[in-house]
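Peer 1: Quick one: the structure is below, and I'll ask about it shortly.
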């Protein structure tokens, strides 16, 4: 499903060069649920960015769903992200000016060939799946942390992507809400979605398929 | 997608309100300025209806009570006719390129007052100003019997009152029932009318005057009141120095009157310069206002983009290509603009609907409004270009993990 | 403390140069337009030579002969005769001096020695004119009572005319030909702007030398009120103006008008200040100005002027509010941090106000300099003959007032928003 070969990522800001990732090789099969762990600054988020095509590696090859990413042209990447990948963030990143169902619809807006009615239908189905049907007209500020993250998940899956990338999804939640979210992720995984999750929490990582560890941009065991 | 834009704009209405107000005011200014421009341009392209080359204006200053003014004025005309250099002469109440021409009181058959401009003139004017007669004839001696009720009107008025029929020989009412009551105590003997003697193509007082219904009223030399401004047409090739001779001649006819001579083209130049200065100043101020607003708008939009960097990063992550992001910001602004324009139009449209300003036709308003709308959207788009471009350049990874 | 604010304000303004620039541009531009307009207004209505004593001056420009029907076009206006002035104006209480003159100068063509056509504006006045108006005499003096009584062939000319006829040599004692009469120059005055319609001319001449203006003989046993003159009244005290106006109208109402003109039912007149007079003539033909009762037209004119000023200021003001808001929002994280570290809303708002005032003042200064430039330009192209627009104390004060208004108006709302910024929200905005 996901294949990274000899990935290197260097950040250049003014005169300082930071080596965020070095010689990372990763293969994630279809339907796997893996964790990425490591201390802060080890490049976990960068790894997720590279997988999710949010960032181009300075060296190396990325392969998604058997398709080699040979171009980093914006429109090409945007389409792949839209169709293949779903993101979940630690800080939810919901648009506060829009209500729940409008937030969930956003990925579908960037997809061609869908009528307004269809989009609405798919968004509502998505929200139903995460158990938020009673809150569709609410605004993010009216929801608890756990509910907001569920909206984010609904948004991530609304377009039925095959890969979900989650960056510390329970980082801003208490343990009870966090467990709820993990429950939803495992449900997703059972429905054959490939999930790559960055986490601090050893406990959560243990419940996933396997763990990749990073230290200073390199893989360690 | 458009619905989405409207939603974004509506949900951010507090932030967008002030911008909307600014756009609303700017559009009002644009409409006003462009309507005025259209008005002047439209007027300018029309023919004046008369010729001013080789025409001189002689201003007469005489005392108020003498008793024989009118006789002397006849004598002056007689004297002028003896001079070789003068082809024609006539008295006029209003001199072209001078102050506004006051209209006369006329009413349509159904009692509506017809707004118009007019002039009181003697027989010679047709030749002096080289007026183009399209129906009937200009005034002459035969009209003495009509005693000041003879009129020559322009085509516009003819069409207005008589449609396609020839107005020559027909009557025009001077009062309506109400005025007859108050002015003449219902004395119907006073119910006078004008009789149309002829029709001219058009007559406009200066280059920028609008086309209006126009009435020339005949003044006979024996009438109680003869105007004190003379217009004379000179034989082509007459030198300016003839003025001295003319002045002396005039003075010799009437000792204690004062005469002052100005070529009509001089009046035109002065008048032109006056309009030009107003237009220039107005245009300049309006232009700078627009620049000021544009700059301000650019700053506000830029700030708007910076504020929403997270949102931008998110949308990019969800598959929004850069062009969509740029289009979104531009689109939001256009939506706000459209709402402001609609509100402003609700006010502006009152003007043409009610014919609020004299002699400004509906087409002028429409032209001005249309041009304003085009210009408005153009300006807004230009202001939004840089900020939208900035928005599209945002790196999603940085934006999302903005620390 | 204030010094601190100013130092910080200065740094802040420099940091975001674009915002500072567009704010300054907006303020300066608006100030330039407003100041130039104020200068123009002042030029029209303010006390300038020769109309310096405007607070004690009233003009009687014409009389109104009323028809019965009322409304527009229901009265004819005619200037006054000698008789009218002597009988109804001179005896009024509280008057220091009355002058009879022809309000509108007419253009006069003569040919000078070189044969060039010279056009001048000629005005007929009396001796009292020179007492009520205070002309700046460059040479000589005005007519005396004697001159007028004896119909002396004398004249006062303006500097421009002197220049055109005699170059830069002294003109007193020399002659010029006006209407076939040889007039001796007895005074030369500074040019008067054409916009000061009632006082201006190029050549002033005693009315008595022109046969047309000598007192009219009785006609059919009646003295006619109708003549070629206007009058200007100098009151002893400015507080007397109201009573003079009232007394004048009162006096006229006692007139039983002789039926020399059919249908006239009454004769009416108004003694008006310059502003009142000009507002009435401005609205002539647009609005029914035959009933010039009380303050209607001056109020209307003031209203129109202030309305225009406000409307014009509206757009720049909203623009400024927008820009200020953006400035604040842009620094919201900085504000959040400051608040979190204990800065009170007051301090922050105070800081912002200082910044705003600095901007406004700077904009005002640029505005003044710009306005000065514009006025210089307008004066140099001689848009209106002899008109010299200037920035004097009055205009300066108005300008300061307007700049202050701008500063306050464009700062209030943004400052209020700033004080309400929740530190946590602001910080989070930054962290994300």
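Residue numbers (the working numbering), protein chains in the order written: chain P, 208 to 428; chain F, 766 to 1168; chain S, 14 to 445.
Glycine included, each C-beta is placed from N, C-alpha and C at the ideal position.
None of the values given here were measured: they were computed from a predicted structure.
1) What residues in the stretch 317-338 of chain P have a beta carbon less than 8 Å from any beta carbon of chain F?
2) Would you please verify whether the beta carbon of residue 777 of chain F is less than 7 Å from any beta carbon of chain P?
3) Within a Cβ cutoff of 6 Å, which residues of the same chain sit near residue 239 of chain P, ignoring the five residues on either side of it in sequence?
4) For the stretch 1075-1097 of chain F, which residues have a CB atom closer than 8 Å to at least one CB atom of chain P, in sequence order?
5) How about residue 142 of chain S: is its Cβ closer than 6 Å to a heavy atom in the ligand ATP?
6) Residue 772 of chain F touches chain P at which residues, Cβ-Cβ below 8 Å?
7) When the Cα of residue 413 of chain P is compared with those of P:399, P:248 and P:393, which residue comes out closest?
8) Look at residue 148 of chain S and residue 241 of chain S and say whether their C-beta atoms are less than 7 Å apart.
9) Let me check understanding here. Comparing Cα to Cα, which of S:319, S:95 and S:331 lies closest to residue 50 of chain S?
10) From residue 213 of chain P to residue 232 of chain P, what does the alpha carbon distance come to, in whole angstroms?
11) Tell me where the alpha helix (DSSP H) around residue 971 of chain F begins and ends.
12) Can you check the stretch 858-920 of chain F for any beta strand (DSSP E) of at least 3 residues that lies completely inside it and give the ranges in chain order?
13) Is it right to say residue 181 of chain S is buried, meaning 16 or more other beta carbons lie within 10 angstroms of its own, or is it exposed?
14) Give me the Cα-Cα distance between residue 32 of chain S and residue 340 of chain S, rounded to the nearest whole angstrom.
15) Residue 406 of chain S to residue 1157 of chain F, Cα distance in whole Å?
16) For a quick check, are the C-beta atoms of residue 311 of chain S and residue 294 of chain S less than 7 Å apart?
17) Using three-state DSSP, classify residue 43 of chain S as helix, strand or coil.
18) Got a sec, what are the start and stop residues for the beta strand (DSSP E) residue 246 of chain S sits in?
19) Under a CB-based cut-off of 7 Å, is residue 769 of chain F close to chain P?
20) How about residue 17 of chain S: is its C-beta nearer than 7 Å to some C-beta of chain F?
21) Beta-carbon within less than 6 Å of residue 420 of chain P's beta-carbon, same chain only, minus the 5 sequence neighbours each way: which residues are those?
22) With a cut-off of 8 Å, do at least 3 Cβ pairs link the stretch 319-334 of chain P to the stretch 1089-1103 of chain F?
23) My guess is that residue 309 of chain P and residue 778 of chain F are in contact by the Cβ rule of under 8 Å, so how many angstroms apart are they, rounded?
24) Name the DSSP beta bridge partners of residue 219 of chain S, please?
25) Which whole-angstrom value is the C-beta distance of residue 93 of chain S and residue 243 of chain S, which I expect to be below 8 Å?
26) Cutting at 8 Å between CB atoms, please list the residues of its own chain near residue 444 of chain S, excluding the five before and the five after it.
27) Quick check: what's the CA-CA separation for residue 111 of chain S versus residue 102 of chain S?
28) Whose CA, out of F:1141, F:838 and F:795, lies closest to the CA of residue 1016 of chain F?
29) Does DSSP put residue 267 of chain P in a helix, a strand or coil?
30) Starting from the beta carbon of residue 281 of chain P, find every residue of chain F whose beta carbon is closer than 7 Å, and list them in chain order.
31) Can you tell me which of the three DSSP states residue 821 of chain F falls into?
32) Within this structure, are the beta carbons of residue 307 of chain P and residue 358 of chain P separated by less than 7 Å?
33) Can you grab the Cα-Cα spacing for the pair residue 188 of chain S / residue 858 of chain F, in whole Å?
34) With DSSP as the reference, label residue 311 of chain P as helix, strand or coil.
35) Report the rounded CA-to-CA distance for residue 476 of chain S versus residue 247 of chain S, giving the unit in angstroms.
36) Report the residue from S:348, S:72, S:353 and S:172 whose alpha carbon sits nearest the alpha carbon of residue 116 of chain S.
Peer 2: In short, the structure shows the following:
1) Listed in sequence order: 317, 318 and 323.
2) As a working mapping, residue 777 of chain F is identified with position 12 in the second chain. Under the Cβ criterion of 7 Å, residue 777 of chain F is counted among the residues facing chain P.
3) Taking the first residue of the first chain as position 1, residue 239 of chain P is located at position 32. Within the same chain, residue 239 of chain P has close Cβ partners 401 and 416.
4) If the cut-off is 8 Å between Cβ atoms, the stretch 1075-1097 of chain F has 1075, 1076, 1078, 1079, 1080, 1081, 1082, 1083, 1084, 1085, 1086, 1087, 1088 and 1089 near chain P.
5) Judged by which ligands are present, the structure shown has none, so any question about the ligand ATP falls away.
6) As a position in the second chain, residue 772 of chain F is number 7, starting the count at 1. Residues of chain P whose Cβ lies closer than 8 Å to the Cβ of residue 772 of chain F are, in chain order, 305 and 309.
7) Within the first chain, residue 413 of chain P is the residue found at index 206, counting from 1. The shortest C-alpha separation from residue 413 of chain P is found at P:393.
8) Walking along the third chain from the start, residue 148 of chain S turns up at place 135. Walking along the third chain from the start, residue 241 of chain S turns up at place 228. Their beta carbons are not under 7 Å apart, which means residue 148 of chain S does not touch residue 241 of chain S by this criterion.
9) Here residue 50 of chain S refers to the residue found at position 37 of the third chain. Answer by Cα proximity: S:319.
10) Position 6 of the first chain, counted from the start, is the residue given in the question as residue 213 of chain P. Position 25 of the first chain, counted from the start, is the residue given in the question as residue 232 of chain P. In this structure, the straight-line span from the alpha carbon of residue 213 of chain P to that of residue 232 of chain P is close to 5 Å.
11) On the second chain, position 206 is the one that residue 971 of chain F refers to. In this chain, residue 971 of chain F is not harboured by any alpha helix (DSSP H), its DSSP state being neither H nor E.
12) 882-886, 898-901 and 915-919, all fully within the stretch 858-920 of chain F.
13) The count along the third chain starts at 1 and reaches residue 181 of chain S at position 168. Exposed is the label assigned to residue 181 of chain S, since fewer than 16 other Cβ atoms lie within 10 Å of its Cβ.
14) The residue labelled residue 32 of chain S in the question sits at position 19 within the third chain. The residue labelled residue 340 of chain S in the question sits at position 327 within the third chain. Straight-line Cα distance between these residues: approximately 7 Å.
15) In the third chain, the residue the question calls residue 406 of chain S occupies position 393. In the second chain, the residue the question calls residue 1157 of chain F occupies position 392. The alpha-carbon of residue 406 of chain S is positioned some 53 Å away from that of residue 1157 of chain F.
16) The count along the third chain starts at 1 and reaches residue 311 of chain S at position 298. The count along the third chain starts at 1 and reaches residue 294 of chain S at position 281. The answer is no: Cβ separation not under 7 Å.
17) Indexing the third chain from 1 puts residue 43 of chain S at position 30. In this structure, residue 43 of chain S counts as helix in the three-state DSSP scheme.
18) Within the third chain, numbered from 1, the residue matching residue 246 of chain S stands at position 233. From DSSP, the beta strand (DSSP E) with residue 246 of chain S extends over 243-248.
19) Counting from 1 along the second chain, the entry for residue 769 of chain F is found at position 4. Yes, residue 769 of chain F counts as interfacial toward chain P.
20) Position 4 of the third chain holds residue 17 of chain S. Not one chain F Cβ lies under 7 Å of residue 17 of chain S.
21) For this step, residue 420 of chain P is matched to residue 213 along the first chain. The answer, listed in chain order, is 244, 245 and 427.
22) With a cut-off of 8 Å, the stretch 1089-1103 of chain F and the stretch 319-334 of chain P do not count as touching, because too few Cβ pairs lie within range.
23) Locating residue 309 of chain P in the first chain gives position 102, counting from the first residue. Locating residue 778 of chain F in the second chain gives position 13, counting from the first residue. A Cβ-Cβ separation of about 15 Å leaves residue 309 of chain P out of contact with residue 778 of chain F under the 8 Å criterion.
24) Residue numbering aside, residue 219 of chain S sits at position 206 when the third chain is read from its first letter. Answer is S:138, bridged to residue 219 of chain S.
25) Locating residue 93 of chain S in the third chain gives position 80, where the first residue counts as 1. Locating residue 243 of chain S in the third chain gives position 230, where the first residue counts as 1. The beta carbons of residue 93 of chain S and residue 243 of chain S sit about 7 Å from each other, so the pair counts as a contact at 8 Å.
26) For the purposes of this step, residue 444 of chain S is taken as residue 431 along the third chain, with counting starting at 1. Note that residue 444 of chain S scores a pLDDT of 44, beneath 50, so its modelled location is shaky and nothing firm can be said.
27) The count along the third chain starts at 1 and reaches residue 111 of chain S at position 98. The count along the third chain starts at 1 and reaches residue 102 of chain S at position 89. The straight-line gap from Cα to Cα measures roughly 8 Å.
28) Residue 1016 of chain F sits at position 251 when you count from the first residue of the second chain. Considering only alpha carbons, the answer is F:838.
29) Translated into positions along the first chain, residue 267 of chain P becomes position 60. For residue 267 of chain P, the three-state secondary structure derived from DSSP is strand.
30) Locating residue 281 of chain P in the first chain gives position 74, counting from the first residue. Listed along the chain, the chain F residues whose CB falls inside 7 Å of the CB of residue 281 of chain P are 1086 and 1087.
31) The residue you call residue 821 of chain F lines up with position 56 of the second chain. Strand, per DSSP.
32) Along the first chain, one-based indexing puts residue 307 of chain P at 100. Along the first chain, one-based indexing puts residue 358 of chain P at 151. Yes, they are a contact pair.
33) Residue 188 of chain S sits at position 175 when you count from the first residue of the third chain. Residue 858 of chain F sits at position 93 when you count from the first residue of the second chain. Each residue's alpha carbon lies about 35 Å from the other.
34) For the purposes of this step, residue 311 of chain P is identified with residue 104 of the first chain, where counting begins at 1. Note: residue 311 of chain P maps to helix in three-state DSSP.
35) In the structure as shown, chain S starts at 14 and stops at 445, and residue 476 of chain S therefore has no counterpart that could be examined.
36) Here residue 116 of chain S refers to the residue found at position 103 of the third chain. Out of S:348, S:72, S:353 and S:172, S:72 has the C-alpha closest to the C-alpha of residue 116 of chain S.
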